[in-house]
Amino acid sequence: MIDATTGHETLTFIDGSSGYKQIRMAPSAEELTVFRSPEGVYCYKVMPFGLKNAGATYQWAIREDHHRDLRLVFERLRRYQLKMNPLKCAFGVTSGKFLGFVVQSHGIEIEQAKIDAIVAMPEPSNLHALKSLQGKLAYLRCFISNLEGKCHPFSKLMKKGTPYVWDATCFAGFQDVKTYLMSHPVLVAPIQGKPLILYVAAQE
Numbered sequence: 001m002i003d004a005t006t007g008h009e010t011l012t013f014i015d016g017s018s019g020y021k022q023i024r025m026a027p028s029a030e031e032l033t034v035f036r037s038p039e040g041v042y043c044y045k046v047m048p049f050g051l052k053n054a055g056a057t058y059q060w061a062i063r064e065d066h067h068r069d070l071r072l073v074f075e076r077l078r079r080y081q082l083k084m085n086p087l088k089c090a091f092g093v094t095s096g097k098f099l100g101f102v103v104q105s106h107g108i109e110i111e112q113a114k115i116d117a118i119v120a121m122p123e124p125s126n127l128h129a130l131k132s133l134q135g136k137l138a139y140l141r142c143f144i145s146n147l148e149g150k151c152h153p154f155s156k157l158m159k160k161g162t163p164y165v166w167d168a169t170c171f172a173g174f175q176d177v178k179t180y181l182m183s184h185p186v187l188v189a190p191i192q193g194k195p196l197i198l199y200v201a202a203q204e
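Counting from 1, one number per residue, gives the positions in the sequence shown under the UniProt record's numbering.
Here is the structure:
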């Protein structure tokens with residue numbers, strides 16, 4: 001979904017107001033959401049978070065045909081009586097935040113706050129702190145070229161039975177990742193006619 005936003009000069013962001021709860025459950029599906037509480041047994045009348053197809057169902061309800069024209073989006077919202085959150089909507093803008101990233105006509109960038117959080121992180125002093133770092137980097141993996149190679153010095157510390165020894169090579173790898181993020185990497189759409197470089201990770 002994020003990748004599909006690149007290459008557009010004008011962007012529109014619409015945020016649903018309690019979006020899932022605006023979708024009525026089918027009567028036959030209500031009984032499948034039964035839960036018990038001290039006050040009794042209940043089921044959902046509207047679509048709750050956590051259902052396997054909830055996201056896809058909501059997306060279907062608002063997206064069918066709307067990609068052709070913004071006017072069709074509004075018509076469909078009215079038809080299904082879906083309410084949007086005006087504080088989180090933007091129309092005809094050149095950039096905006098979407099799913100934790102900054103989307104612009106020239107590409108997709110990482111929010112500065114996410115970069116700052118990693119740059120400000122101290123060296124992980126134990127396995128728990130290292131797992132936290134790895135989790136943050138995994139979220140940004142598509143922005144960091146050769147992330148696996150950069151993280152290799154300290155990724156090997158996560159193997160079971162490996163003593164946790166944060167050495168100079170781990171420090172160098174950590175600093176390499178920070179330096180790369182501070183260069184503000186941008187994901188851009190392929191340009192037709194321009195050469196592409198394919199990096200392949202292979203193992204036995």
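Quick reminder that beta carbons are idealized off the backbone N, C-alpha and C, glycines included.
How would you call residue i, buried or exposed, if buried means at least 16 neighbouring beta carbons within 10 angstroms?
i: F91; result: exposed
i: D65; result: Only weak support exists for where D65 lies, its pLDDT of 41 falling under 50; the value from the coordinates is given anyway. With fewer than 16 Cβ atoms within 10 Å of its Cβ, D65 is classed as exposed.
i: F101; result: buried
i: L181; result: buried
i: L130; result: buried
i: P124; result: buried
i: V200; result: exposed
i: F188; result: The question names Phe, but residue 188 is Val in the sequence shown. Exposed.
i: V165; result: exposed
i: V103; result: buried
i: V46; result: exposed
Just how far apart, CA to CA, sit residue i and residue j?
i: F174; j: L157; result: 13 Å
i: P190; j: L196; result: 8 Å
i: A172; j: N126; result: 17 Å
i: F98; j: G107; result: 12 Å
i: R141; j: L77; result: 35 Å
i: L147; j: Q134; result: 10 Å
i: K136; j: Y42; result: 38 Å
i: G96; j: G40; result: 45 Å
i: V186; j: S105; result: 11 Å
i: F143; j: K159; result: 25 Å
i: K150; j: M84; result: 42 Å
i: T33; j: Y20; result: 14 Å
i: G55; j: A29; result: 16 Å
i: T57; j: G161; result: 45 Å
i: Y139; j: I118; result: 12 Å
i: S155; j: E31; result: 46 Å
i: Y44; j: R79; result: 23 Å
i: A113; j: S145; result: 20 Å
Could you give the first and the last residue of the continuous beta strand (DSSP E) run that contains residue i?
i: V200; result: Unbroken run through V200: none, as it is neither H nor E.
i: S155; result: From DSSP, S155 is part of no beta strand (DSSP E) but of the alpha helix (DSSP H) over L147 to S155.
i: F98; result: S95 to F98
Taking the DSSP output, what are the residues bridged to residue i?
i: residue 279; result: Look at the range of the chain in this structure, 1 to 204, and you will see that residue 279 is not part of it.
i: V41; result: R36
i: R141; result: DSSP output for R141 lists no bridge partner at all.
i: A187; result: First, the amino acid is wrong: residue 187 is Leu here, not Ala. Note: L187 sits in a beta bridge opposite I108.
In terms of residues, what are the limits of the alpha helix (DSSP H) holding residue i?
i: F49; result: It is not in any alpha helix (DSSP H) - F49 carries neither H nor E in the DSSP assignment.
i: S28; result: P27 to E30
i: Q175; result: A168 to M182
i: R78; result: L70 to R79
Please tell me whether, using a cut-off of 7 Å, the distance from the CB of residue i to the nearest non-hydrogen atom of the ligand ZN is below it.
i: A168; result: Absence of the ligand ZN is noted for the structure shown, with no ligands found whatsoever.
message: Threshold first: 4 residues or longer. Then list the alpha helix (DSSP H) segments lying entirely within the region 100–129, N to C.
response: Runs found: 112–119.
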